[in-house]
Amino acid sequence: MNIVYNIMVFLHIIGAAMIVGIWIAQMKKPTVHPRQFDGAALQLITGIVMMGLIPALNMDANYAKLGIKFVIAAVVAVLAFIGSRKYKKDEPVSKGLAHSVGGLALLNVAIATLWQ
Numbered sequence: 145m146n147i148v149y150n151i152m153v154f155l156h157i158i159g160a161a162m163i164v165g166i167w168i169a170q171m172k173k174p175t176v177h178p179r180q181f182d183g184a185a186l187q188l189i190t191g192i193v194m195m196g197l198i199p200a201l202n203m204d205a206n207y208a209k210l211g212i213k214f215v216i217a218a219v220v221a222v223l224a225f226i227g228s229r230k231y232k233k234d235e236p237v238s239k240g241l242a243h244s245v246g247g248l249a250l251l252n253v254a255i256a257t258l259w260q
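Everything in the sequence shown is counted per our numbering, starting at 145 for the first residue and increasing by one.
Pasting the structure below:
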């Protein structure tokens, strides 16, 4: 069961890298790329799976932290979906939307690493 958890952590980090990496790469001309939505969806799915595995692995968890991270991840996914849809329709994506997706994802990484 530990290997499943570790694979989920790996995929969770890949999802964060997709969102933040594309955001940084697009910094000169901010937009929301469809792969950022894919990364957000990957983060949500793997996060939920990891939360489900915590009791099965008898791990201690800070559920307040996990709840806050889940809410932020859900907001990132919704914003990334909106931006991705606009991107696919060749509609302009506002700088605020693009920076919200990347900034909130980066905030989630900070919460994950700094909140003990």
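Yeah, the Cβ is synthetic: ideal placement off N, Cα and C, and Gly gets one too.
Counting along the chain, no alpha helix (DSSP H) covers S238, and no H or E run does either. By the Cβ criterion, the segment 193-204 is not in contact with the segment 240-248, since fewer than three pairs of Cβ atoms, one from each stretch, lie closer than 8 Å. For Y149, same chain residues with a beta-carbon under 7 Å away, outside a window of 5 residues either side, are M194, L197, L201 in chain order.
In the structure shown, H156 adopts helical secondary structure according to DSSP, grouped into three states. According to the DSSP assignment, A217 belongs to the alpha helix (DSSP H) that extends over 207-232. Shown here for H156: same chain residues with a beta carbon closer than 8 Å to its own, the five before and five after excluded, namely L186, Q187, T190, G191, M194 in chain order. Sixteen is the threshold: since fewer than 16 other Cβ atoms of the shown chains lie within 10 Å of the Cβ of W259, the residue is exposed.
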